[in-house]
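Sequence lines, in order, name chains A and B. Take the first sequence: its position 301, counting from 1, is numbered 304 in the working numbering, and each next residue is one higher. Take the second sequence: its position 111, counting from 1, is numbered 233 in the working numbering, and each next residue is one higher. No residue lacks a Cβ here, since even glycine has one placed at the ideal position from N, Cα and C. Notes for the one structure printed next.
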Amino acid sequence: METVIQHPLFAPLVITAVIIAVFPLLAGYIVLVERKVLADIQVRLGPMRVGPHGILQPIADAVKLLQKEDIIPTEADRALFWLAPVIPAVTALTAFAVLPFSGHVVVTDVNVGLLLIAAMSAVGILGIIIGGWSSNSHYPLLGALRSSAQLVSYEVALSLGLIAGVMSAGSLSMLKIVEAQRERGVWFVFDNYGLMIIPFMVFLIAAIAETNRLPFDLPEAESELVAGFMTEYSGFRWALFFLAEYASIFVIAGAGVTLFWGGWLRPFPSWGWLDIPLNYVFPVALFGVSGLLTLRLAQRLKKYSSARAAFLALVGVGVALVGLVFLIPPVNAAIIGVFWFLTKVGAFIYFMIWIRGTFPRFRYDQLMNIGWKVLIPVAMGGLLLNAIVGMALA
Amino acid sequence: MDVPLFLIFAAIAVACGVNVVVQRHPITSAISLIGVMGSLAALYLLLGGEFIAAVQVVVYAGAIMVLFVFVIMLLNAGAEGRSGRSWPVRLLGIPFLVLLLGLLSFVVQAYAPKTDRVVFGAFTSGGPRDIGKLLFTEYLLPFELTSVLILIAIAGAVVLARKEID
């Protein structure tokens, strides 16, 4: 047993297994959060039927998708139609291998971690193109054409945004990028007298375009293209596309957090006296208040259905109890990095949902104009400015 | 662990390479080519060239092949028809293939520089820093000339495309 645990492949394999087992469920709950937040923005309730306040909705959705009939259009290229959803799912999950959830919880730390993420998102496009083409139908083909043009354009801006962060860290390794931020005592987004905000904004806009989300979701603009490249897909293959989409959202948010928001470091990583309030009080308060608010919801639900209210109360107590775990010092030391990383990724994803809920979709020519004539020059200018200021600071 | 992985990816690379030629539809050929690029990247990784492997995937599998597939889709190229083969082709095709392969392997054996055995993971230089330094000091002129060449190609493509529209 001891030799098994000591084996250098043990931890990476366990983390990989956990990611592959947990992520589909997590993706389902990101979708639920997205639907709930959008509903809140649009003054609706969102999913309410499955479980109290819809908290079992993702499970019901998953079961539904697994049971659905799998339709392949007659004129489709069957082999490629079958292959297409696999490519983005594999590439998006591969990119998880270099995401540092904390200093220890990382599958592998390669010297070119960030480049690997860029490579995986570049190859993932192929799945969209092949899926759109092999469906042998108008809307998917148009969606695939749009998406390849869009992704190729915005990849340039995305890379230029990333390079600014790499320049400050002096490394492409995800762990070393975070360590560099710990040494400088500041998240890169606030570095160089705040000038790093320019590359960060470029990265943010390009990341939203790379993940095909509103206001850049022209490849699947439902008012024009039904569902873009996914139109002919159904059942489990569609679920794979969907999983890949949310996995790439998580990965790009993780990359942004690692590069600009200090990865698993807490806010103000160099101020020692903030250790207690931020590493102990904050998580306990976060989970405690969430649990209390859930209990209040359960109270209000009581007059409609006592069973549902009891279930929700149980969830609330569970959430509050998770907060108590952070009070045990050795456990806290082990999981606080993961807590901060996931909190920041959650904030990033929330921001993306918020943007989706509040911005209208761009027209196609506007999209290309923004990409080539605004974003890339701004990214280059920001890069140059940061290089000069960074050199002067050093 | 390295040798079986090498054999697996080498086999995939060769199989995909053969498939590029054998397939009759341009899209399936292009996808096989992506398979070749991917397994080559895996081979670089086995040797220890992480940066080269990642760049191989970004540039070839990501950028170039996406454009390939994009153009094939735009032109809506269909599957090639098979032409009837003439009797000299049928008769001499396979002997000549064997001859060519034999000649190639002989030339490689005879003229390739004798080196030590390949050690997996022994290639430790070739990181971004080393490559950047070499590109901007020793190979500055070829590097800049290549970029000018690409610029000319882009300008040429734009000019040609303009003409079509008018």
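- Cβ-Cβ separation between A/Pro76 and A/Glu235: approximately 5 Å, consistent with a contact (criterion under 8 Å).
- With fewer than 16 other beta carbons inside 10 angstroms of its own, A/Glu78 counts as exposed.
- Look at A/Trp85: its C-beta is not under 7 Å from any C-beta on chain B.
- If you ignore the 5 residues before and after A/Ile352, its C-beta comes within less than 6 Å of the C-beta of Ala256, all in its own chain and listed in chain order.
- Note on B/Lys236: under 16 other CB atoms within 10 angstroms of its CB, so exposed under the neighbour-count rule.
- Within the same chain, Leu217 and Pro218 come within 7 Å of A/Phe362 by CB-CB distance, once the 5 residues on both sides are set aside.
- Of the other Cβ atoms in all chains shown, 16 or more fall within 10 Å of the Cβ of A/Asp80; this residue is therefore buried.
- At a cut-off of 7 Å between beta-carbon atoms, A/Trp375 makes no contact with chain B.
- Straight across, the Cα-Cα distance linking A/Tyr249 with A/Leu277 is about 34 Å.
- In its chain, beyond the 5 residues on either side, Gln60 and Pro61 have a beta carbon closer than 6 Å to the beta carbon of A/Leu35.
- Identification of chain A residues near B/Gly184 by a Cβ-Cβ cut-off of 7 Å yields Ala122, Ala125 and Val126, ordered along the chain.
- With the criterion set as a beta carbon lying under 7 Å from some beta carbon of chain A, the members of the segment 223-257 of chain B are Gly249 and Pro250, in sequence order.
- For the pair A/Tyr157 and A/Gly340, the CB atoms are not nearer than the 7 Å cut-off.
- Annotated three-state conformation of A/Pro91 is helix, per DSSP.
- Counting C-beta pairs closer than 8 Å gives three or more between the segment 107-122 of chain A and the segment 171-183 of chain B, which meets the contact rule.
- Look at A/Gly116 here: in three-state DSSP terms it is helix.
- Taking all protein chains shown into account, A/Arg149 has 16 or more neighbouring C-beta atoms within 10 Å of its C-beta and is therefore buried.
- The C-beta of B/Met195 comes closer than 7 Å to at least one C-beta of chain A.
- Under the three-state reduction of DSSP, A/Ala82 is assigned to helix.
- In this structure, A/Trp264 is the residue among A/Pro143, A/Thr94, A/Trp264 and A/Val229 with its C-alpha nearest to the C-alpha of A/Gly168.
- Contact with chain B is absent for A/Ile23, since none of that chain's Cβ atoms lies less than 7 Å from the residue's Cβ.
- A Cβ-Cβ contact shorter than 7 Å links B/Gly184 with A/Val126.
- Against chain B, the CB of A/Leu119 has a partner CB under 7 Å away; the residue lies at that interface.
- Its Cα nearest to that of A/Leu68, the residue A/Phe245 stands out among A/Phe245, A/Gly259, A/Gln302 and A/Val320.
- For the pair B/Glu260 and B/Leu271, the Cα-to-Cα distance works out to about 19 Å.
- Separation of B/Gly200 and B/Ile149 (C-alpha to C-alpha, rounded to the nearest whole angstrom) is 9 Å.
- Taking 7 Å as the cut-off, the Cβ atoms of B/Ala132 and B/Val191 do not count as close.
- For B/Phe190, not one C-beta of chain A is nearer than 7 Å to its own C-beta.
- Each residue's CA atom was taken as its position, placing A/Val334 and A/Asn215 some 38 Å apart.
- Contact annotation for A/Ser150 against chain B: no contact, minimum CB-CB distance about 10 Å [criterion: below 9 Å].
- Contact with chain A is found for B/Ala176, since one of that chain's Cβ atoms lies less than 7 Å from the residue's Cβ.
- Counted as a single uninterrupted DSSP element, the alpha helix (DSSP H) harbouring A/Leu324 occupies residues Ser309 to Val328.
- Counting only the Cα atoms, B/Ala135 lies some 9 Å from B/Ser154.
- If you ignore the 5 residues before and after A/Tyr196, its C-beta comes within less than 7 Å of the C-beta of Val392, all in its own chain and listed in chain order.
- Of all alpha-carbon atoms in A/Val46, A/Ala42, A/Thr97 and A/Asp64, the one lying nearest the alpha-carbon of A/Gly54 is that of A/Asp64.
- For B/Ala164, the enclosing alpha helix (DSSP H) begins and ends at Pro148 to Leu169.
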